[in-house]
Ligand code: ADP
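Encoded structure:
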């Protein structure tokens, strides 16, 4: 353990900290988080409203409601001490296994970041949940769902990020109306923020033709760098808009980032549903929970009040039942959704009061519930 190693005056604070944390008991061990070495280090710096304490914890088993609760408790106990202004908590990840196809070495540094070395693992200690939004086919509205969901999460008070992992066909810059490339500061790529969401896409980093020329390891390297070299900061949820028909290599990479779950988007057609089955089985092989299925373009509400099932009816619901995955929502064809996307403004920001935006708000609530996720600042 390495408490206050750089702080010669830290002894008194260390004793107070140890005492405070000895009251935080992990029910799995029945012991406090100091005795079990779950709190691995603490350091102190001057802050504006008192000392700023940074605590590193390594809790077993990856992200979970119990670990969230312990982290919140650790933070609260330390914050309650006299003279402490701010407490940041760093949850270090357990190291994932290195696989033979891990991108590494100089050739897989496609973003050409100075001094960049690709890590063998993707550790995102500041991100509480990472969720892939996937689809078997292109054109089913996956990116549209990801963008609108991200805005709905942000509007609900979650610190939200959205990463567009589609290297060959990035759509995030258009969906969010972004014209500028991403900024680079302090040796890191800075995410672009729009409508309360932190965003990153290859389209914000390199000219389109450049990425199109990349092959396997370069593509994987770029995706990995979007995780590790982007200054995401602290996030409650990071959504990953995965390329259509995401294959094994991509999934292996995503798995290194310890996905909390995957949401699969499909249209009602039989053809699209065959890919859903494949997607569900791939995620299951990766031991990533499939949080559920969204049926997009499910129907069209006609002016006379009747519903027209343009692409067929009930297919996704049936597939969800058959594959034993939750059916999350059916999203109708919404002309305003298309118009808002083309205008570079996700619907929830374009017209927050429209009933269609309510679909995404409800979806965000349902997904948050499945992830046992409440905003840390404002637990309800
Ligand atoms: P994908 O990411 O699956 O390739 P996109 O999100 O790019 O698909 O969507 C494809 C097109 O369909 C876009 O023009 C988008 O605006 C439109 N679209 C997606 N979902 C809907 C919907 N529910 N209603 C109307 N248009 C939609």
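In my numbering, the protein residues as written are 4 to 383.
Glycine residues also receive a C-beta, built at the ideal position from the N, C-alpha and C atoms.
If you look at residue 46, you'll find it in the beta strand (DSSP E) that goes 42-48. When DSSP states are grouped into helix, strand and coil, residue 255 belongs to the helix group. Using a Cβ distance threshold of 7 Å, residue 27 and residue 77 count as a contacting pair.
In this structure residue 347 does not touch residue 200 by the C-beta definition: roughly 13 Å separates them, more than the 8 Å allowed. Distance from the CA atom of residue 323 to the CA atom of residue 330, rounded to whole angstroms, is 6 Å. With fewer than 16 other CB atoms across the displayed protein chains lying within 10 angstroms of its CB, residue 341 is exposed. Going by beta carbons, residue 136 and residue 16 fall outside the 7 Å limit.
Around the beta carbon of residue 74, 16 or more other beta carbons lie within 10 angstroms, which makes this residue buried. With contacts defined as CB atoms closer than 7 Å, residue 363 and residue 155 qualify as a contacting pair. At a Cβ-Cβ threshold of 7 Å, residue 328 and residue 296 count as neighbours.
Annotation for residue 267 indicates a beta carbon at 6 Å or more from all heavy atoms of ligand 1. If only uninterrupted beta strand (DSSP E) runs of at least 3 residues are considered, those enclosed by the stretch 161-232 are 163-167, 186-188, 191-193, 195-197, 200-204. Residue 170 has its Cβ no nearer than 6 Å to any heavy atom of ligand 1. Among the bridge pairs identified by DSSP, residue 59 is matched with 44, 93. Assignment of beta-bridge partners to residue 134 by DSSP yields 242, 264.
When DSSP states are grouped into helix, strand and coil, residue 88 belongs to the strand group. Residue 25 has its alpha-carbon roughly 43 Å from the corresponding atom of residue 150.
Comparing alpha carbon positions, the residue from 171, 196, 188 closest to residue 182 is 196.
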